[in-house]
Amino acid sequence: MTCRLLLVDDHSLIRAGVRALVSDIPGYTVIGEADDGGQLLEHVLRLDPDIVLLDISMRTTSGLDALTQLRANGCLCKVLILSMHTDPDLIMRALESGAHGYLLKDTTATELEQALAALRGDERYLSPAIAHTVINQALLRAQSGKQPSDDRHNLTARQLEILRLIVRGKSTREIANGLGLSIKTVETHRSQIMKRLQIYDVAGLVLFAVRERIISLDD
97 MTCRLLLVDD HSLIRAGVRA LVSDIPGYTV IGEADDGGQL LEHVLRLDPD
147 IVLLDISMRT TSGLDALTQL RANGCLCKVL ILSMHTDPDL IMRALESGAH
197 GYLLKDTTAT ELEQALAALR GDERYLSPAI AHTVINQALL RAQSGKQPSD
247 DRHNLTARQL EILRLIVRGK STREIANGLG LSIKTVETHR SQIMKRLQIY
297 DVAGLVLFAV RERIISLDD
């Protein structure tokens, strides 16, 4: 089935560029565009997209405010932030507000395709260029939070290994290939990790991994 995309950006050239890139990726189609975050909820309710590509800085309503409104109204569509901002606070706010991924605007067509495929497959996606930034921000937050626990929520050695790879932005396929496991096995482990930790977003997993010293800035 074709994956339906909604583009929300206040620059028409950016929207045209993304639309052109998407047209070259099989299995995706752009069903609508908006030039301000204030139009997001209306467009989502009317068009029912599978994935929203959302900018942060817009003229009237920011992407983060629009995303908060979207989640408050119970809309469950996937949201991929497409932004030029690398500010750690903005990135974390986007992830904590319900974004499923964060991609920089200077990305390549290949990375855009990878990000869309990840969200379409119910995964999260962080641009490798900002993964270190997210970990660093999580570390700063963890330093003022609780100390690491001893049991690490009883994750197995394999689950800890997979968690480290998830936090570093690896896809399920990359984890499976790297560990010599089937994709189904990795998906099962990932589901068990999230259920055991009661954490279902990238920012939360990163914060947990740093706080519990499962991963560090040197990894």
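Numbering (our numbering), first residue to last: 97 to 315.
Note that beta-carbon positions come from the ideal geometry of N, C-alpha and C, so glycine has one too.
Small disclaimer: the values here were computed from a predicted structure and weren't measured.
Residue i to residue j span [Cα, whole Å]
i, j, result
"Leu166", "Ile258", "31 Å"
"Ile295", "Leu136", "26 Å"
"Leu212", "Leu101", "10 Å"
"Ala253", "Asn232", "24 Å"
"Thr268", "Arg216", "12 Å"
"Thr157", "Ala272", "40 Å"
"His285", "Gly133", "36 Å"
"Ser245", "Ile310", "Summary for Ser245: the model assigns pLDDT 47, below 50, so the residue's position carries little reliability; its value from the coordinates is reported in the next sentence. Approximately 11 Å, taken between the alpha carbons."
"Asp218", "Gly274", "20 Å"
"Lys242", "Val302", "Residue placement at Lys242 cannot be trusted, given a pLDDT of 47 that sits under 50; the coordinates are not used to answer."
"Cys173", "Val148", "7 Å"
"Ile110", "Gly276", "40 Å"
Where residue i sits in the DSSP three-state scheme
i, result
"Leu101", "strand"
"Phe304", "helix"
"Ser278", "coil"
"Ser287", "helix"
"Arg269", "helix"
"Thr156", "coil"
"Arg309", "coil"
"Leu172", "coil"
"Thr164", "helix"
Per DSSP, the bridge partner or partners of residue i
i, result
"Leu293", "Bridge partners of Leu293: none, in fact."
"Leu178", "Leu199"
Within 8 Å, strictly: CB atoms of residue i and residue j
i, j, result
"Ser179", "Ile152", "yes"
"Pro145", "Ile121", "no"
"Leu117", "Leu222", "no"
"Leu150", "Leu163", "yes"
"Ile226", "Ile289", "no"
(message) What ranges does the alpha helix (DSSP H) occupy inside the segment 182–263, keeping only unbroken runs of at least 4 residues that lie completely in it?
(response) Taking only runs of at least 4 residues, the alpha helix (DSSP H) segments lying wholly in the segment 182–263 are 184–192, 205–216, 224–239, 253–263.
(request) Can you check the segment 105–153 for any beta strand (DSSP E) of at least 3 residues that lies completely inside it and give the ranges in chain order? (result) Fully enclosed beta strand (DSSP E) runs of 3 or longer: 124–130, 147–150.
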